[in-house]
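For the protein sequence lines, the chains are S and R, in the order given.
Note that the numbering used here has the first sequence beginning at 1, numbered continuously upward.
Note that the numbering used here has the second sequence beginning at 1001, numbered continuously upward.
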Amino acid sequence: MPDPAQTDKKCVIIGAGPAGLTAAWELCKADVPAIVFEKDNIVGGISRTVEYKGFRYDIGGHRFFTKVESVNKWWWEILSKEFIERPRMSRIYYADKFFDYPLKPANALFGLGIFEAIRCGLSYVTAQVAPTKPEMNLEDWVSNRFGTRLYQIFFKTYTEKVWGMPCTEISADWAAQRIKNLNLMTAVKNALFGSGKGKVVTTLIESFHYPRLGPGMMWERVAELLTEKGLPPRMELDVVRITHDGKRVVSLTVRGKDGVEHVETGTDFISTMPVRELVHALDPAPPNAVLEAADRLNYRDFLTVGLIIDKEEIFPDNWIYIHSPHVKVGRIQNFRSWSPFMIPDAKKNSIGLEYFVNEGDEIWNASDPDLIELGKRECEKLGLFKAADVSDGVVIRMPKAYPVYDKIYKNALQTIRDYLTTLPNIHLVGRNGQHRYNNQDHSMVTAMLAAENVCGADHDVWAVNVDEEYHEEVSEKEKRGQELTHGKRGGGDRLVPRRLDETDRLMGALREAFARYDAVALGGSIGILLGGSLFLATALLLLRGGVMVGKNLALLANYFLGYEISWAGAFLGLLEAGGFGFIFGFMLAKAINGTIALHEHALVRRLEVSATLDAIDEERQ
Amino acid sequence: MTDPLTERVREPGQAEWDVIQAAIARLRASVMAVVFGLCGGVGLFVATAWLLLRGGLMVGRTLSLLGNFFPGYSVTWGGALVGFVYGSLLGAAIGFAFAWLYNMIADLRDKD
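What follows is the structure, given as structure tokens:
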């Protein structure tokens, strides 16, 4: 690797979140001047801590837990004395009761009460006997494994709050990946008998480290270190344009609140700004296909209503999931449980009500006082505390908190990445920088690699965490101390649901409309029923006994050779009627399938004609 | 404007048609139970009622043999109602079992 100090390198970094500041500090350590531009007035990005009247608010809750040793080391180098160890506790709050998270069947069924438990049990049995097939969406997938009732209570509402779309519109493959190998029976077995000796048990972390004054403390400290080195992050400067010459990016133009523009040149550029905005800031503008691809990237936004309450204790959890469909709040953070140092008054408490929203929707656009009132009302409705207990409140909006993984994002992102390979000195890192649902540690890893690339290394920043397990899961083996290799720097990409699109729905409808009957299954089922029925009827008459037993039923011997009202005849009847039923069902299926094929063929022909006529019409216009 | 299906036909999309053609129908057990139950119950009621309306000396001698399997059933108006209940229950059970068996076999074969 060349010595960067000897190469007149200068890096311009867009964004003072975890990725931007990590890259800046890594470059600083390598003697490469790095200038950070941030459009907000606070550092830390989504990992910031917002202070209001001495109360500190963490946006979304950030546990400092990672499988990546280099990140862990980094955190401790920056904030060693300021870390406190906190127990993890988070539960589901539903119908005025707390339920364990992740769900434990015994806890869930006892907590719901006897009638609801019976209802859940019955719906589970129904789902096992007659599951919905094919499983097209999340609702089908979860209901088939847990029963409709448990799905409604513990999956539907929260998932819809977070992702802002009905579960019937979320692809089933997300659940299949996210809730691997788990169903109610397995869960009950595991609860009663354990999951088997020698098997690796995945579990959720039990404790984590946390900066005394919230995650923002980490990034405020990094900003201070950069300032001490003479490279303070430049705040409240919005990106106006990123100028390039077709081969390299040459400068960044930013504009302050006073409207004054400033141009910064550099040899390398690291961007953590949303990809959509980055593409539109490029000057000259990229081809239309790239601009259109950028417009296809979507985001989910986030809003926290912070409430100061005149009560010392509300609940012991770090946060609770709100499954009630009667309120809009999705999660409630309890900041005293995160760190008591975030609450300046020992007699008060502070919570953060999290609303998952879309920028510009009704909640996002509501005024701060209205949102605080909404938060107070909803907490009272949930039975957590009275609205009168709230002495103050604050609203914190976080646009583009989550990149949306819909069906089109992958192709759109690939188009943009392909284009950006023509500008090799711009490096995309971080959550929004890569349009990837990275956690804080993943974002930092991408920044570390990008910083090394600026110094001459050749890492593939996009290869970080692609195939790893979900970040929060840690096996017993790993808990005993086995770490991931430094080279891999894994940690796990988060799985995000994909919305079913028009094509999925169309394919589903077509598959249902033109589904063929399985001839063997139809023959088999009719055969079993027919053979079984004749056997039972014969057996019943034999058991009843009499002088002329089964005189009429014995007439079936006209069709089933050798059949008679005797035990041997019952078995012979079972075989012969079964065989007859199988042949009948098999042929019936073939006949139905043939008819379906004819209809399908006719439809295709009709559509071909219609498509040809459309094409002729278009030619004429 | 063309609809998505037309668009699909215009673009070859053979792979998608292959997927559609490979789809295996599933039977809804609840629907089959209702349909078979109705057929069984109404069928036996109508058969009994028809014989009663036609009348005669030895009315429904053969059909009344069902009493061997359905205790209480006979070719009378009361028996027709009893037959309706038996026919419905047995039909529903057969319908449900039929769909369940079919889906189970189809699933097993699908896994292979």
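For each residue, glycine too, the CB sits at the ideal point set by N, CA and C.
These figures come from a predicted structure and were not determined experimentally.
| Asked | Found |
| --- | --- |
| Met507 (chain S) CB to nearest chain R CB: under 8 Å? | yes |
| Locate the alpha helix (DSSP H) running through Met118 (chain S), then write down its first and last residues. | The question names Met, yet the displayed sequence has Ile at residue 118 (chain S). Ile114 to Val129 is the span of the alpha helix (DSSP H), which, as asked, contains Ile118 (chain S). |
| Mind checking who Tyr93 (chain S) pairs with in its DSSP beta bridge? | S:Phe98 and S:Ile322 |
| Rounding to the nearest angstrom, what Cα-Cα distance links Arg606 (chain S) and Arg511 (chain S) in this structure? | 18 Å |
| In whole angstroms, give me the CA-to-CA distance for Trp98 (chain S) and Val129 (chain S). | As written in the sequence, residue 98 (chain S) is Phe, which differs from the Trp given in the question. C-alpha separation (whole angstroms): 31 Å. |
| With a Cβ-Cβ cutoff of 8 Å, do Cys120 (chain S) and Leu109 (chain S) count as a contact? | yes |
| Inspect the beta-carbon positions of Ile622 (chain S) and Ala589 (chain S) and report whether they are closer than 8 Å. | Limits of chain S in this structure are 1 at one end and 621 at the other, which puts residue 622 (chain S) out of reach. |
| Within the continuous beta strand (DSSP E) that includes Pro253 (chain S), where are the two ends? | Per the sequence shown, residue 253 (chain S) should be read as Thr rather than Pro. Thr253 (chain S) -> beta strand (DSSP E) spans Val249 to Arg255. |
| Residues of chain R with CB closer than 8 Å to the CB of Asn552 (chain S), please, in chain order. | Thr1062 and Leu1065 |
| From the DSSP output, in three-state form, read off Phe228 (chain S) for me. | Residue identity check: residue 228 (chain S) is Glu in the sequence provided, not Phe. In this structure, Glu228 (chain S) counts as helix in the three-state DSSP scheme. |
| Looking at the structure shown, is Phe1084 (chain R) part of a helix, part of a strand, or coil, going by DSSP? | helix |
| Any C-beta of chain S within less than 7 Å: which residues of the segment 1068-1098 of chain R qualify? | Asn1068, Phe1069, Ile1094, Ala1097 and Phe1098 |
| Identify whether Ile84 (chain S) lies in helix, strand or coil by the three-state DSSP scheme. | strand |
| Do the segment 300-313 of chain S and the segment 264-276 of chain S meet, that is, are 3 or more Cβ pairs less than 8 Å apart? | no |
| Answer yes or no: do Leu252 (chain S) and Ile242 (chain S) have a C-beta to C-beta separation smaller than 8 Å? | yes |
| How is Ile592 (chain S) classed by DSSP in three states: helix, strand or coil? | helix |
| Under three-state DSSP, which class holds Lys400 (chain S)? | strand |
| Got a sec: does the ligand PLP put a non-hydrogen atom nearer than 7 Å to the Cβ of Ile408 (chain S)? | What this structure holds is no ligand at all, so the ligand PLP is not there to describe. |
| Is it the case that the segment 76-85 of chain S contacts the segment 247-263 of chain S, given that we only count it when at least three CB pairs across the two stretches are under 8 Å? | no |
| Would you please verify whether the beta carbon of Ser525 (chain S) is less than 8 Å from any beta carbon of chain R? | yes |
| Can you give the Cα-Cα distance for Glu354 (chain S) and Thr304 (chain S), rounded to whole angstroms? | 5 Å |
| Under 8 Å, Cβ to Cβ, is there at least one residue of chain S near Val1059 (chain R)? | no |
| Whose Cβ in chain S lies nearer than 9 Å to the Cβ of Leu1101 (chain R)? | Ala521, Gly524, Ser525, Ile526, Ile528 and Leu529 |
| Our contact map puts Thr538 (chain S) next to Gly569 (chain S) with C-beta atoms below 8 Å; I'd like the distance itself, whole angstroms only. | 6 Å |
| Does any C-beta atom of chain R lie closer than 8 Å to the C-beta of Leu510 (chain S)? | yes |
| For Gly194 (chain S), which of helix, strand or coil comes out of DSSP? | Interpretation of Gly194 (chain S) is limited by its pLDDT of 48, a score under 50 that renders its predicted location unreliable; no figure is taken from the coordinates. |
| By a C-beta neighbour count over all protein chains shown, 10 Å radius and 16 as the cutoff for buried, is Phe115 (chain S) buried or exposed? | exposed |
| At what residues does the beta strand (DSSP E) containing His435 (chain S) begin and finish? | Segment: none, His435 (chain S) is in no beta strand (DSSP E) and carries neither H nor E. |
| Pull up the DSSP beta-bridge partners for Pro211 (chain S), would you. | S:Phe83 |
| With burial defined as no fewer than 16 other Cβ atoms inside 10 Å of the residue's Cβ, what is the status of Ile565 (chain S): buried or exposed? | buried |
| When you check each C-beta in the segment 535-568 of chain S against every C-beta of chain R, which residues fall closer than 8 Å? | Ala537, Leu540, Leu541, Arg544 and Asn552 |
| Alpha carbon to alpha carbon, what distance is there between Phe55 (chain S) and Ile343 (chain S)? | 5 Å |
| Comparing C-alpha positions only, which one of S:Gly360, S:Trp141, S:Glu576 and S:Gly524 sits nearest to Asp301 (chain S)? | S:Gly360 |
| Would you say Lys133 (chain S) faces chain R, with C-beta separation under 8 Å as the test? | yes |
| Specify, as a first and last residue, the run of the beta strand (DSSP E) that Gln414 (chain S) falls within. | Element bounds for Gln414 (chain S): not the beta strand (DSSP E) but the alpha helix (DSSP H), Tyr409 to Leu420. |
| Compute the Euclidean distance between the alpha carbons of Asn438 (chain S) and Asn593 (chain S), then round it to the nearest angstrom. | 48 Å |
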